[in-house]
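Since the structure comes first, as structure tokens, the remarks are kept for the end.
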Amino acid sequence: MTEQELLDMFIQERINMLLAGLAKTKPKISQEEHNRMIQAESFIRDLPEHSRKLIDGYINQFTDWLAEEEPYLYQQGFLDGVRAVNYLNSI
């Protein structure tokens, strides 16, 4: 296993731990938000098949993009923290 693979595995595990903690403490969505989600799902379901597939593809692509960005952002934050500690130790 390369260093990059090990770092990627560490980052993904840490993100999973943070998301699990968030799920426990995250406030429930409001009834209004829930109703909007139901309306949106109904609206998408009633679209013609071509439009529905286009919307579903867009949502899936957007979700995949976010999933790819999280580890990168976490890694950069981690590296920023290491740089800050090294800087503070050098003063």
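Read left to right, the sequence shown gives residues 26 to 116 (the working numbering).
Don't be surprised by glycine CBs; every beta carbon is placed ideally from N, CA and C.
I need the DSSP call for residue i, collapsed to helix, strand or coil.
{"i": "PRO96", "result": "helix"}
{"i": "LYS49", "result": "helix"}
{"i": "MET26", "result": "coil"}
{"i": "SER55", "result": "coil"}
Is the Cβ-Cβ distance between residue i and residue j less than 9 angstroms?
{"i": "GLN42", "j": "ILE54", "result": "Correcting the residue type first, residue 42 is Met in the shown sequence and not Gln. No; because the gap between Cβ atoms is not below 9 angstroms, this pair is not in contact."}
{"i": "GLN100", "j": "LEU44", "result": "no"}
{"i": "GLN37", "j": "PRO96", "result": "yes"}
{"i": "ILE84", "j": "LEU72", "result": "no"}
Could you confirm whether any beta carbon from chain C is found closer than 9 angstroms to the beta carbon of residue i?
{"i": "ASP33", "result": "Here chain C cannot be found, since the structure has a single protein chain."}
Inset, instruction - Ignoring anything shorter than 4 residues or poking outside the region 58–87, list the alpha helix (DSSP H) runs there in chain order. - result: none
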